[in-house]
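Q: Questions regarding the structure given below will be posed in turn.
There are 2 protein chains.
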Amino acid sequence: MRHRKIAPLLHGGHKRTMAPKAKPPTAATPKGSAAGNPLEQLLGYQLRRASQAMMSDLGAELADLELRVTEMSVLMVIGENPDITQSEIGRVLAIQRTNMVPLTTQLERRGLVRRGLTTGRAQALRLTPPGRALVRECRKRIAAHEARFLAELPKAQRAALMQQLRGVWQA
Amino acid sequence: MRHRKIAPLLHGGHKRTMAPKAKPPTAATPKGSAAGNPLEQLLGYQLRRASQAMMSDLGAELADLELRVTEMSVLMVIGENPDITQSEIGRVLAIQRTNMVPLTTQLERRGLVRRGLTTGRAQALRLTPPGRALVRECRKRIAAHEARFLAELPKAQRAALMQQLRGVWQA
DNA sequence: CGTATAATGATATATCTCATAACATACAAG
DNA sequence: CTTGTATGTTATGAGATATATCATTATACG
Numbered sequence: 009m010r011h012r013k014i015a016p017l018l019h020g021g022h023k024r025t026m027a028p029k030a031k032p033p034t035a036a037t038p039k040g041s042a043a044g045n046p047l048e049q050l051l052g053y054q055l056r057r058a059s060q061a062m063m064s065d066l067g068a069e070l071a072d073l074e075l076r077v078t079e080m081s082v083l084m085v086i087g088e089n090p091d092i093t094q095s096e097i098g099r100v101l102a103i104q105r106t107n108m109v110p111l112t113t114q115l116e117r118r119g120l121v122r123r124g125l126t127t128g129r130a131q132a133l134r135l136t137p138p139g140r141a142l143v144r145e146c147r148k149r150i151a152a153h154e155a156r157f158l159a160e161l162p163k164a165q166r167a168a169l170m171q172q173l174r175g176v177w178q179a
Numbered sequence: 009m010r011h012r013k014i015a016p017l018l019h020g021g022h023k024r025t026m027a028p029k030a031k032p033p034t035a036a037t038p039k040g041s042a043a044g045n046p047l048e049q050l051l052g053y054q055l056r057r058a059s060q061a062m063m064s065d066l067g068a069e070l071a072d073l074e075l076r077v078t079e080m081s082v083l084m085v086i087g088e089n090p091d092i093t094q095s096e097i098g099r100v101l102a103i104q105r106t107n108m109v110p111l112t113t114q115l116e117r118r119g120l121v122r123r124g125l126t127t128g129r130a131q132a133l134r135l136t137p138p139g140r141a142l143v144r145e146c147r148k149r150i151a152a153h154e155a156r157f158l159a160e161l162p163k164a165q166r167a168a169l170m171q172q173l174r175g176v177w178q179a
């Protein structure tokens with residue numbers, strides 16, 4: 009099986025919030041209660057859990073297309089940037105050159121992408137018609153997927169959130 | 009080598025923002041310019057990039073302790089919840105029972121965690137004194153790591169951001 | 001009480017993502 | 001021509017995560 013059906017989710021937290029140091033450190037965990045999670049208040053932890061939640065949802069959304077999230081991302085970038093090279097895609101998506109090779113090979117083998125020679129060793133990548141159709145389908149599903157999560161979020165807050173997230177990694 | 013030194017970072021974006029459909033779809037990518045990234049405006053994409061940025065930074069912060077982020081998370085949960093069981097940690101951090109086994113074994117082998125028998129098959133986990141010391145060191149480093157990223161973010165926005173992130177995966 | 005069920009820990013194994021090292025080729029600059 | 005840089009490629013490994021399966025123990029229930 010090539011795609012996961014459920015969430016991958018590394019470490020996560022629980023409902024309960026904890027006042028720092030409010031709890032006697034020597035007290036053992038009460039048997040029936042939810043365990044306290046000291047990571048709850050960390051930005052990194054929250055980002056990771058949130059990211060994993062969305063990634064797994066998107067993975068499920070794309071599963072029946074036999075497309076992994078990474079493959080879909082590459083397809084979309086090629087669609088938006090015809091004749092882009094592997095290396096350039098790698099730079100845009102932060103995928104190493106090395107890892108772009110089997111990715112591209114796979115997409116070409118499936119007839120979604122065409123490798124064309126340009127200058128030097130660089131290969132100009134373009135979507136084939138089936139590739140373009142698949143990207144259109146992906147866009148629909150991504151929209152549905154995003155909407156599911158954005159629904160929880162007041163419209164007024166969305167732009168601010170995106171800006172804050174951009175600031176985290178594009179600092 | 010057990011730890012990565014640099015960012016893992018799957019797909020990422022570029023500085024430039026694009027107005028939807030503002031660009032003629034048939035135009036080839038200009039050679040010298042940055043490629044447009046159609047994922048830029050997706051919440052899932054921003055979450056992933058932000059999460060990866062923080063994960064890789066934290067990984068570097070913990071590298072010389074020979075601790076991976078996952079291991080550190082488990083240690084901190086045990087520290088906060090003495091006599092917790094493997095399964096319970098798994099539920100808190102969203103790590104499968106199966107994957108908790110080698111994790112716990114490794115931490116016990118290093119003398120950071122002690123397995124004690126309680127009721128049934130469940131094993132009560134506790135930090136050893138070296139384990140507690142290591143957790144204290146981790147807390148310091150995590151604080152520094154978090155501060156690096158939070159510095160970009162106005163204080164007034166922090167609580168709201170955390171709440172929004174919680175909403176994404178705890179919906 | 002005795003059996004079925006659930007929970008826990010464990011083993012083995014497969015897959016996905018990401019990383020490094022090493023190499024060949026193409027082009028540009030000196 | 002030589003050197004440097006960019007690109008594509010192959011091979012390989014580490015780490016996180018997923019599934020299937022099993023033994024043991026506690027608990028629920030007839």
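Sequence order for the protein chains is A and B. Each residue of the first sequence is one higher than the one before, counting from 9 in this note's numbering. Each residue of the second sequence is one higher than the one before, counting from 9 in this note's numbering. Heads up, the beta-carbon is just placed ideally off N, CA and C, and yes, glycines get one too. Please read these numbers as outputs of a predicted model, since none were measured by experiment.
Give me the residue from A152/A, L55/A, L115/A and L125/A with the minimum Cα distance to T136/A.
A: As a position in the first sequence, residue 136/A is number 128, starting the count at 1. Residue L115/A is the option with its Cα nearest to T136/A.
Q: Is I103/B helix, strand or coil when you go by DSSP?
A: The residue you call residue 103/B lines up with position 95 of the second sequence. It is coil, neither helix nor strand.
Q: Return the CA-CA distance between G67/B and E96/B, expressed in angstroms with no decimal places.
A: Counted from its first residue, the second sequence places residue 67/B at position 59. Counted from its first residue, the second sequence places residue 96/B at position 88. G67/B and E96/B: Cα-Cα distance of roughly 24 Å.
Q: Would you mind working out which of V82/A, G44/A and R56/A sits nearest P46/B, comparing C-alpha positions?
A: Reading the second sequence from its first residue, position 38 is the one you call residue 46/B. Looking at the Cα atoms, V82/A is the closest of the given residues.
Q: Among the candidates A151/B, R166/B and V176/B, whose CA atom is the shortest distance from the CA of P162/A?
A: Numbered from 1 along the first sequence, position 154 holds the residue referred to as residue 162/A. It is V176/B.
Q: From what residue to what residue does the beta strand (DSSP E) around L135/B run?
A: Taking the second sequence and counting its residues from 1, one reaches residue 135/B at position 127. Its beta strand (DSSP E) spans residues Q131 to L135.
Q: Give the DSSP-derived three-state secondary structure of G44/A in the structure shown.
A: Counting from 1 along the first sequence, the entry for residue 44/A is found at position 36. Reduced to three states, the DSSP call for G44/A is coil.
Q: Considering only the beta carbon of each residue, do A130/A and T106/A sit closer than 9 Å?
A: Stepping through the first sequence from its first residue, residue 130/A is reached at position 122. Stepping through the first sequence from its first residue, residue 106/A is reached at position 98. No, the Cβ-Cβ distance between A130/A and T106/A is not below 9 Å.
Q: Of all the options M80/A, T112/A, M170/A and G98/A, which has the alpha carbon lying nearest to the alpha carbon of C146/A?
A: For the purposes of this step, residue 146/A is identified with residue 138 of the first sequence, where counting begins at 1. Per the Cα distances, M80/A.
Q: Applying a beta-carbon distance threshold of less than 9 Å, which residues of chain B neighbour L169/A?
A: Indexing the first sequence from 1 puts residue 169/A at position 161. Correct list: L51, Q54, A168, L169, Q172 and L173.
Q: Would you mind working out which of E160/A, E154/A, R122/A and R99/A sits nearest G44/B, comparing C-alpha positions?
A: Position 36 of the second sequence holds residue 44/B. If we check each option's Cα against that of G44/B, R99/A comes out closest.
Q: For the structure I just gave you, are there three or more beta carbon pairs, one from the region 117-128 of chain A and one from the region 58-67 of chain A, closer than 8 Å?
A: At 8 Å Cβ cutoff, the stretches do not touch.
Q: So which of P90/B, I103/B and R144/B has the shortest CA-CA distance to T126/B?
A: Taking the second sequence and counting its residues from 1, the one referred to as residue 126/B is at position 118. Checked all of P90/B, I103/B and R144/B; the closest Cα to T126/B is P90/B.
Q: Got a sec: which bits of the region 53-84 of chain A sit with their beta carbon under 9 Å from any beta carbon on chain B, in order along the chain?
A: Of all residues in the region 53-84 of chain A, Y53, Q54, L55, R56, R57, A58, S59, Q60, A61, M62, M63, D65, L66, V77, T78, S81, V82 and M84 have a Cβ within less than 9 Å of some Cβ in chain B.
Q: Report yes or no: is there a C-beta of chain A within less than 9 Å of the C-beta of L161/B?
A: If you number the second sequence from 1, residue 161/B lands on position 153. It does; some Cβ of chain A falls within 9 Å.
Q: Can you give me the start and stop residues for the beta strand (DSSP E) that L125/A sits inside?
A: Walking along the first sequence from the start, residue 125/A turns up at place 117. Here the beta strand (DSSP E) through L125/A covers V121 to L125.
Q: What do you get for G124/B, buried or exposed, if any count of 16 or more other CB atoms within 10 angstroms of its CB means buried?
A: In the second sequence, the residue the question calls residue 124/B occupies position 116. By the neighbour-count rule (16 or more Cβ atoms within 10 Å), G124/B is not buried but exposed.
Q: Determine whether the Cβ of P110/A lies closer than 9 Å to any Cβ atom of chain B.
A: One-based indexing of the first sequence puts residue 110/A at position 102. Judged by the 9 Å Cβ criterion, P110/A is not in contact with chain B.
Q: Between which residues of its own chain and R149/A is the CB-CB distance below 6 Å, once the five residues before and five after are set aside?
A: Numbered from its first residue, the first sequence carries residue 149/A at position 141. Excluding residues within five positions, the ones whose Cβ falls inside 6 Å are E69.
Q: Would you grab the beta carbon distance between L133/B and I86/B for me? Rounded to a whole angstrom, and I think it's under 8 Å.
A: Locating residue 133/B in the second sequence gives position 125, where the first residue counts as 1. Locating residue 86/B in the second sequence gives position 78, where the first residue counts as 1. Yes, they are in contact, since the Cβ atoms of L133/B and I86/B sit about 5 Å apart, within 8 Å.
Q: Would V143/A be called buried (16 or more neighbouring beta carbons within 10 Å of its own) or exposed?
A: Counting from 1 along the first sequence, the entry for residue 143/A is found at position 135. Counting Cβ neighbours within 10 Å, V143/A comes out buried, since at least 16 surround it.
Q: Apply the 10 Å Cβ neighbour rule to E74/B and answer buried if 16 or more other Cβ atoms are within range, or exposed otherwise.
A: As a working note, residue 74/B is residue 66 in the second sequence. Flag for E74/B reads exposed.
Q: Are the C-beta of R99/A and some C-beta of chain B separated by less than 9 Å?
A: Residue numbering aside, residue 99/A sits at position 91 when the first sequence is read from its first letter. Judged by the 9 Å Cβ criterion, R99/A is in contact with chain B.
Q: Does the beta-carbon distance from A168/B to Q165/A come in below 9 Å?
A: Position 160 of the second sequence holds residue 168/B. Position 157 of the first sequence holds residue 165/A. A contact, by the Cβ cut-off of 9 Å.
Q: M170/A and Q54/B look like a contact to me (Cβ under 8 Å); what is the Cβ gap, rounded to whole Å?
A: Locating residue 170/A in the first sequence gives position 162, where the first residue counts as 1. Locating residue 54/B in the second sequence gives position 46, where the first residue counts as 1. The Cβ separation is near 6 Å, so the contact holds.
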